[in-house]
Structures are given as C-alpha cells and as structure tokens.
Amino acid sequence: MCGITGGIGPSAPQQLLLDAQLKSIEHRGPDDSGTYINNGIGIGMCRLAIVEIAAGKQPATDISEQIHIVWNGEIYNYRELRSDLEGRGVHCRDSSESEVVINLYLEYGLQFINKLNGMFAIAIHDSRDNSLHLIRDRMGKKPLWISQLSDGTLFSASEVRALMLARPDRTLRTHMIAEVMQYGYINSPNSAFNEIHQVPLASVMSWRDGKTTTATYWAADFETKVTIPYEEALETTKELIEAAVSRRLISERPLGSFLSGGYDSTVVTAYMAKLMKEKVQTYSIGFHSEAFNEAHHAKKVANYLGTNHHEEMLSPDPALVIEKISHVLDQPFADSSIVPTYLLAKFARENLIVALGGDGGDEVFGGYDRYLATPVMQKLNPFLGLARKGLNFAGRNSLGNSRKINRVGSQLSSKNSLASRYSSILSLTQPHELISLLNPNVYSDRAEVAFVNQFGLGELTSFDRMIQSDFAAYLPGDLLVKVDIATMANSLELRSPLLDVNVVEWGVSLPRKYKIKGFETKHILKDVARSLVPAELIDRPKMGFGIPRAEWLRSGMKEMVVNTLTDTTATQRGWFNSTEVRKVIDIHMAGEDKDNLLWPMLMLELWARTWLD
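In our numbering, the protein residues as written are 2 to 614.
Now the structure itself:
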C-alpha cells in the first residue's frame, strides 16, 4: 500500500514538486519513498511496506529500464501470476508484486489488467512510445486523481491534496455544494475543483502526445443469473468468500480484523479464525450511547470465535475529533460514519498494519432495507400525499423524534420514477430544502439529474437497478472513499474480501430470491454467517456504524456549529442563506433533529476553511 503521484508532458513535475507532493501524502506510506524523473516524465511513491518488504521498492523498472511503474494497493494473486509467467518462460528477477506487474504488461500489454485480483491504482510509463497508463481497480477501492494542463501535461496522484500543489490555478466547482448537501459526497469523476477529476473505476486512462483516452475494462454482469438450487448456491458462496479471505491473509506485518458483530464482519472474521494458525486480532469500538454501541455484540462473537479481542469505549470531545477529520479530508465529505471508521482505524493501528473488513456485503448480496422499501414506496405514489397529511395531523413529536420517522416523513410525496425515488431515499437533504438553504448562485440540481440518468441505464429489474446504481455511485463515491481516507490517514491498510472480483461476479449473478426472502435482506450471506456462528449472536436489527450525531451537535459541538455556520466568514462566503441557517440551528437546538442539514453544512464550511481560505 502506498501513495503515488506523478506527471507527464512539457510541464512534468521536477524533484522539488514531487518531493512536496509525496510529503503531503506520506501518511499513506511512511516506510519508504522514491522518485523517477526523466525527460518529460516524473513519478513518485511513498510506501507502506506489507508484502515482499525487501524486494518491493518503487518506482520499479524492467531489466531494460524502458518501463517504470508506481502503484498503490495489493495484487492478491501475484504468486499465481508469477508462476504463470515462469511457465511461459518469463524470468522474474525478484519476488515482488511490482516485478509481476511489469512482466505481465510486457507479456500481454494492457490486457494484463484482466488477470489481476486485487485493489490497485497503477501508473505505468512506457518509454518505447512515451505513453503513460493509469489503471484503477474494478470497484474503485484505490483512488486515482488526475488533472491536465492546457499544454497537455497530465498530473496524477492518490489524493487531491497532492494535485493542489501542482494546480495553484484551480477553481472551485460550485455545483459540488448542492451535491454534498444532498448526497453527502462528490461522485466520480468530479472533485470540488473544475480542473481535478478521477480516473473512473475499472478503467485505464492512456496518455500519448498530450492526448488522453479512457477505456473501461470490466463491468458487473447483472443480466445473467445462475439457475441452481439454493443449497448449491449457498455452498459456492461459502467457498468463494473463504477463498477471498484466504487471499487477503498474505502479509509480513501484523494483521487483524474490524469486528462489529454484524453479519459481514462476522463472516470475514470467522473464516480468518478458520484459516489462520495464530489467534485473530479483532478490534471494535463503542460509544456511551446505547443506540450507537455494537461493542457488546462484537465481544460475544469474538468470544465464540476465540479471537484476541480489543475493545475501546469512547467518550471523545466531538468538536476536537471533527476538527481533526476536517484536515484529513481534502474533499468535502458529509457521511458522519467516517468518524467511527477513523477512530477504529486509529485504535487498531496501535498494533496492526493490515485489517480485513466486511465492506461490500450489503451491495453485493442485497442487504439494505431500501432495496425493499423503494419499489414499495413508488407503488404507493397515489396515497403518499394522504399519508403525509396524516403524519402532520398526528404530529411528529407525538410519534417520537427518531431518524427513521423523519426519513419516512421525507418520502411522503410522489416521485415520477423509481430513479427519483431512490435518489430521494439516499438524500440527506431533499431538493425543496436545498432550494431554501442554498443561495441561488450556488444551488444546482446537476448531481440529481446525473444520478437519475445513470440509474436508468440497462433493462434490469428494479432490484438490480438499485444495486447497479450503488456500484456506480454510493459504494465508490461514499463508502470506499470513507474507508480509504480513514484508514490511510492512520497508515493502516484495509482489505475487503466481500469485494473480491470473484465474490462480486458471483453475488450479482444470484437471483433476487436468494438474496431477499420475505422481508429478510441479504438472506444468503446471513445463512453463511449462521453456518459459522450461532444465529442468536447475530440475528438482530441492522444498526450501522454511526455516531450520536444529533446529540453531539446539540451538546459538545454546539459552540462549533453556531460559530462556524453563523460567523462573518461563513456569511460572507455566500453559500448558504444565513436566515435559514439560523432557523435550522434554532429548531435543532430546541429538540427537533435537523442533523441531516447541519452536518453537511458544517463539513462543507470546515472544508472551505481548511482548503480554500
């Protein structure tokens, strides 16, 4: 694992810029660094050494020094690929993953990408035609940002902060303000700046003579479904997940797991316990708030599996934590679950360098309640107006002030398509709220239009369209960004067996009836979990990895919220309607939760103060 940066073209980075960029992302790789500079090309890396520590230095080159690469991630099948190369008469000079990648490229050209099983962002410079190839893994686990100058020079880096150093002329993309307020993140290929973009997931971007081309090399096949008995499908699911876990146990540094006690992390940890000779090191955190504490569930699972369990109960100063995270994030990001993810990674990093987690289980195996609720809500379109009147008549306070009631209330209006309904369910802030909160010069519906348009692609069932949408937006734009930033800020590598390409391709090929049984979501993965631990340890309502956000905003963060969102700096920035902002703050402090509005506003303003002011 590491951070990479570089550029090619007339204004390619020289040593001073490369060194500054690598310094800005050294948290991604504190163990080693290196650069390669030649006529019109400069690349660099900072390394977190995990596998083949002695042999894995970068930048790496072939024996003729015509190919130079830097890359970030892990190739889990690199040993099998090296054996295949040797079977074809190709000699690998050392045991590193880099040597395998270089020789695969020389042997197969860019088609070699299809052979890789892993998470990766790769930059390959080929001096034979002075080309640069930027490659991103299938699910978008590893980030790869780019920016191109008018003279054709192409810069790339693992994090936007490194590209900021190469682009002091960058300009704010104001459309992102509404996007972050609505969805909580900026989706690919965009950033907060007009001049900085992402290489799309499952894609290769090639640069030659100042021109770039982008090609997609993989896409999940949602159309082809397996037709086998459930028990056979269940056994195959077990085998594929166990194999995916096994591949991710290769490490020369301390390795463990994130364990929440939910289905996904339990499955991963149980297979680790089965496969590893030593005890699994498991980590969990909890808050002193019953609604946001899963630590006791994790402890029960850990005891059953016989792991060496580490638990930390937290009572953090929320304002200090958020201030720290606002500096970790170089892009506006308003998914508050980054807070516990960051704190868990920090805790685990006291002893671990590598952790396995359960990310992807809900998307691959259909685990979200919204996969059930969205089509139902859309069918009830004609009656939702009456339901809204009923809710208003009863009074929300009389029904309690829970987040779920507020979310239900936000859906009691007609939507013209399943795509619009799904967009609304995923939204922190509804469009009518955005119109009142944002000043007219920054309000935009571009993100919502883009979401609805991508949702409509393909002739798929409603169920598969929602999962396909999550593969395109929510998973790579929100969840995988969150875990990459939170773990890499702590110099910790997180591996996700449930996002293994073989598991993903199998999961999307399963018919809906194997994932949804009655009102039970993620049915087949839950059956895998029940085969590994007693059902009573895991069969409970889904909690999610959250924080007492509304409570924090009213108490430990109250001063931060009021000062940050209402002072002269915020009002002169001109993003928000200051009268509406004060109104929302007053309503929240009086007891009616408005954290879904306050949190993204606060994260946007803190980001602006860190990276714009």
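We put the CB at the ideal spot given by N, CA and C, even for glycine.
Annotation: the segment 518 to 547 contains no complete segment of the beta strand (DSSP E) (minimum length 3 residues). Taken through DSSP and simplified to helix, strand or coil, M277 comes out as coil. Beyond the five residues adjoining it in sequence on each side, A609 comes within less than 7 Å, by CB distance, of R574 in the same chain, given in chain order.
Setting aside the 5 residues that flank it on each side, Q431 is surrounded in the same chain by S411, each with a C-beta closer than 6 Å to its C-beta; the list follows chain order. Three or more Cβ pairs closer than 8 Å define a contact, and the segment 16 to 30 falls short of that threshold against the segment 126 to 141.
The shortest C-alpha to C-alpha distance from S424 to any of T62, Q183, V71, I42 is the one to Q183. The shortest CA-to-CA distance from Y218 to any of P201, K380, M165, G57 is the one to P201. Counting only runs of 4+ residues, the alpha helix (DSSP H) found wholly inside the segment 151 to 217 occupies 161 to 167, 176 to 184, in chain order. The three-state reading of DSSP puts T462 in coil, since its state is none of H, G, I, E or B. DSSP places E233 in the uninterrupted alpha helix (DSSP H) bounded by 231 to 248. Within the segment 291 to 337, complete alpha helix (DSSP H) segments of at least 4 residues are found at 296 to 306, 319 to 329, given in chain order. Note on M120: 16 or more other CB atoms within 10 angstroms of its CB, so buried under the neighbour-count rule. With a beta-carbon spacing of about 15 Å, I76 and E253 fall beyond the 8 Å limit used to define contacts. Runs of alpha helix (DSSP H) with 4 or more residues, each lying fully within the segment 93 to 137, are found at 98 to 109, listed in chain order. Between the alpha carbons of E180 and I187 lies a distance of about 6 Å. In this structure H328 is exposed. Its beta-carbon is surrounded by fewer than 16 other beta-carbon atoms within 10 angstroms. In the three-state reduction of the DSSP assignment, L439 falls in the strand class, which pools E and B.
Just measuring C-alpha positions, the residue of L150, E160, H69 sitting nearest A487 is E160.
Judged by pairs of C-beta atoms under 8 Å, the segment 309 to 322 does not touch the segment 592 to 603, as fewer than three such pairs exist. About 6 Å separates the CB atoms of Y372 and F464; that is less than 8 Å, so the two are in contact.
Taking the Cα positions, S437 is about 29 Å away from R171. With contacts defined as CB atoms closer than 8 Å, L495 and G358 qualify as a contacting pair. With contacts defined by Cβ atoms closer than 8 Å, G367 and I517 form a contacting pair. Taking 8 Å as the cut-off, the beta carbon of K300 is found no closer than this to the beta carbon of H289. The secondary-structure analysis by DSSP pairs M46 across a beta bridge with I5, G35.
S556 and V562 have their C-alpha atoms roughly 10 Å apart. Annotated three-state conformation of E81 is helix, per DSSP. If you draw a straight line from the Cα of P31 to the Cα of L164, it comes to about 19 Å.
Straight-line measurement puts the Cα of R129 at about 18 Å from the Cα of T214.
In the DSSP assignment, Y284 falls within the beta strand (DSSP E) that extends over 282 to 288. Relative to K483, the option among G263, V443, T342, T567 whose CA is nearest is T342. In the displayed model, R422 falls within a helix according to three-state DSSP. Separation of Q199 and I114 (C-alpha to C-alpha, rounded to the nearest whole angstrom) is 18 Å.
Beta-bridge partners assigned by DSSP to V71: A124.
About 4 Å separates the Cβ atoms of Y79 and E98, confirming a contact at the 8 Å cut-off.
Distance from the CA atom of G185 to the CA atom of F456, rounded to whole angstroms, is 18 Å.
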